[in-house]
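Okay, so here's the structure we're looking at.
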Amino acid sequence: MIEVLDPGALTTVQDLGRPGWAHLGVPRSGAADTRSLRLANRLVANPDGAAALETTLVGPRLRLTADAMVAITGATVDARAGDRTVPMNAPVYLRAGAVLEIGAATAGLRTYVAVRGGLACERTLGSASTDLLTGLGPRPLRAGDELAVDRAPDTFPAVDVAPAAPPEDAPCLGIVFGPRADWFTDEARRRLTGGGYEVSDTSNRVGIRLLGPELPRHGEDELPSEGMIAGALQVPPSGTPILLLADHPTTGGYPVIAVVRRRDLPAAGQLRPGQRVRFRASRDPVRGA
Amino acid sequence: MSPPGPIRGVRPVGDRGFLVELPGNREVHLLAAAVRDHFGARIEDVVPGAQTVLLAWADPPPSAAELIAELETLDLTPPAEADSDPVTIPVRYDGDDLEAVAAAVGVDVDRVIELHAGPEYLVAFMGFAPGFAYMTGGSPELELPRRDDPRPRVPAGSVAIANRYSAVYPTPSPGGWHLLGHTDVVLFDADRDPPALLEPGARVVFEPLSR
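Okay, structure coming up:
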């Protein structure tokens, strides 16, 4: 069992989400940075998609009621258990009674804490993920919560430490123009891939509002609602884009000028308010370079 | 390379999928069903929109040319007749906006109920919330823009209209639609199979209960 002494700024349970339900209005949800979630799980020999904790900027304080093996990945933090420093990107064995304290992120936004066995949460549509848009899944952690841990798998951790680059200071995300890039002027496309944007503080797991050059459109046609996807750069009438993340609505009526490539989605999930981000278009729309 | 049959275009969605453009919403449901049949578990999400279907893969998707070649093999002819009855949603027409809607469109309340409960609706697409269905097919006489002042909380089961759509709120949520009534039918229950009462392409009728 894990006792939540202090939930931190916003800590949720996340796995790889609930794909396949978008046609019914159910967001995929799941870890905003799936690469870090998978790494944390692999370090403690869990299946990639085991349920773990996702913190936001300031992490939680957790007391372990039994011996546990944990791994901390994602946004760079100071983590301590009593007076012992807990290294990131490594499996760490903690004794029953240990209090694990995850500090404030110094690079990136979201830290993942996996525990060997995975968190034993009720699954909603196959997933333990908290969806902050619709309220599906468990609510965010509160002080006093007790989290059960599932039985450890038969496999054992294979590495002592994994090489993982910390989130970048000013990342450049690969994009593919479309599906509605032709609704925008050439100038809009140049601006999007120009000097970059600032991540505003109205950003969450649903999406990131970007501050920077407006993206002018040809005409003012209204877009009949269409399916949306994480990584989409959706442009509302204000002209500045919104980058959709894991809990995004499944359909929307604002045109999407470009979509972040799969391999750069985890970096998008680590963008923090005030940070700068740039976008680079790939040549081949689908196969990519 | 021109896309097959009713398909108007295939647009890239990042490196994970495509948006297939169609002439109208009926074709959207034909294509969505045919794609699910054809690709099965190879495709992760098939998301109908008003005039498009989003296709998303968990693995690298086919190229646009490969996809178009596969779509060419699909049979998109509409079935000769509907293969199931419409979903009936019993409604008590006692919504907070019923009288305002009557006044806005210039008829009495009974006529609003007649107009709303008369036609058969089609679930054009879903979104906004799990189980929230945007239904088309309503009377043009009841077409009204959304309210100027959205309500912070609309109760679950509220039957509402806005623009050319009708909908039922599956869960309590903020909302700017005009409330005509309510139903006790549960629109979404994650523990039920299927979880949503309605799905894209479903036909729906509203059955008025005595007020």
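From first to last, the protein sequence lines are chains U and H. Converting from the first sequence to this note's numbering requires adding 211 to each position, the first position being numbered 1. Converting from the second sequence to this note's numbering requires adding 1369 to each position, the first position being numbered 1. Quick reminder that beta carbons are idealized off the backbone N, C-alpha and C, glycines included.
Considering only H:Ala1471, H:Asp1477, H:Ile1376, the residue with the shortest C-alpha distance to Leu1513 (chain H) is H:Ala1471. Proximity of chain U to Gly1496 (chain H) at the Cβ level (cut-off 8 Å) is accounted for by Gly236, Ser436, Pro460, Thr461, Thr462, Gly463, in chain order. Interface residue (Cβ-Cβ distance to chain U less than 7 Å): Pro1375 (chain H) is not classified as such.
Interface residue (Cβ-Cβ distance to chain H less than 7 Å): Ala233 (chain U) is classified as such. One alpha carbon belongs to Thr404 (chain U), the other to Ala1559 (chain H), and they sit about 41 Å apart. The beta carbon of Ile453 (chain U) does not come within 7 Å of any beta carbon belonging to chain H, so the residue lies off that interface. Contact between Ile1437 (chain H) and Leu1424 (chain H) does not hold, since the beta-carbon distance rounds to 12 Å and is not under 8 Å. Residue pairing by DSSP leaves Asp1558 (chain H) without any beta bridge partner. Legend: CB atoms of the segment 415 to 434 of chain U lying less than 7 Å from CB atoms of chain H are not found in any residue. For Leu1400 (chain H), the enclosing alpha helix (DSSP H) stretches over residues 1394 to 1408. When DSSP states are grouped into helix, strand and coil, Ser1579 (chain H) belongs to the coil group.
Pro1381 (chain H) places its beta carbon less than 7 Å from that of Gly389 (chain U). For Glu1413 (chain H), the chain U residues whose Cβ falls inside 8 Å of its Cβ are Pro230, Gly231, in order along the chain. Nearest CB-CB separation between Asp1428 (chain H) and chain U: not below the 7 Å threshold.
The Cβ atoms of Val1492 (chain H) and Ala1571 (chain H) lie closer than 7 Å to each other.
Inside the segment 226 to 276 of chain U, DSSP marks whole alpha helix (DSSP H) runs of 4 or more residues at positions 245 to 254, from first to last along the chain. With a threshold of 7 Å between beta carbons, Phe1408 (chain H) makes no contact with chain U. Residue-level contact by beta carbon fails for Gly1487 (chain H) and chain U, as no gap is shorter than 7 Å.
Comparing alpha-carbon positions, the option among U:Ala369, U:Val410, U:Pro258 lying closest to Ala301 (chain U) turns out to be U:Ala369. Excluding residues up to 5 positions away in sequence, Tyr1538, Leu1548, His1551 lie with their Cβ nearer than 6 Å to the Cβ of Ser1527 (chain H) in the same chain. According to DSSP, residue pairing for Ser1508 (chain H) in a beta bridge does not occur.
What Ala1425 (chain H) touches in chain U, judged by beta-carbon distance under 7 Å, is Ile440, going in chain order. Secondary structure at Val281 (chain U): strand, using DSSP grouped into helix, strand and coil. In the DSSP assignment, Arg1461 (chain H) falls within the unbroken beta strand (DSSP E) covering 1456 to 1461. Proximity of Arg472 (chain U) to chain H, defined by a Cβ-Cβ separation below 7 Å, is satisfied.
Just measuring C-alpha positions, the residue of U:Gly348, U:Ala331, U:Thr335 sitting nearest Glu357 (chain U) is U:Ala331. Taking all protein chains shown into account, Met212 (chain U) has fewer than 16 neighbouring C-beta atoms within 10 Å of its C-beta and is therefore exposed. Take the alpha-carbon of Pro364 (chain U) and the one of Trp1546 (chain H): they are about 50 Å apart.
Restricting attention to U:Gly418, U:Phe367, U:Gly260, the CA atom closest to the CA of Gly480 (chain U) is found in U:Gly418. DSSP, reduced to helix, strand and coil, places Leu1388 (chain H) within a strand of the structure shown.
The beta carbons of His1407 (chain H) and Leu1443 (chain H) sit closer together than 7 Å.
Interface annotation, Ala1419 (chain H): in contact with chain U, CB-CB separation under 7 Å.
Not a single CB atom of chain H sits nearer than 7 Å to the CB of Gly241 (chain U).
Proximity of Gly337 (chain U) to chain H, defined by a Cβ-Cβ separation below 7 Å, is not satisfied.
Under DSSP, Ser414 (chain U) shares a beta bridge with U:Ile419. Against chain H, the beta carbon of Leu347 (chain U) has neighbours under 8 Å at Pro1499, Ala1559, listed in chain order.
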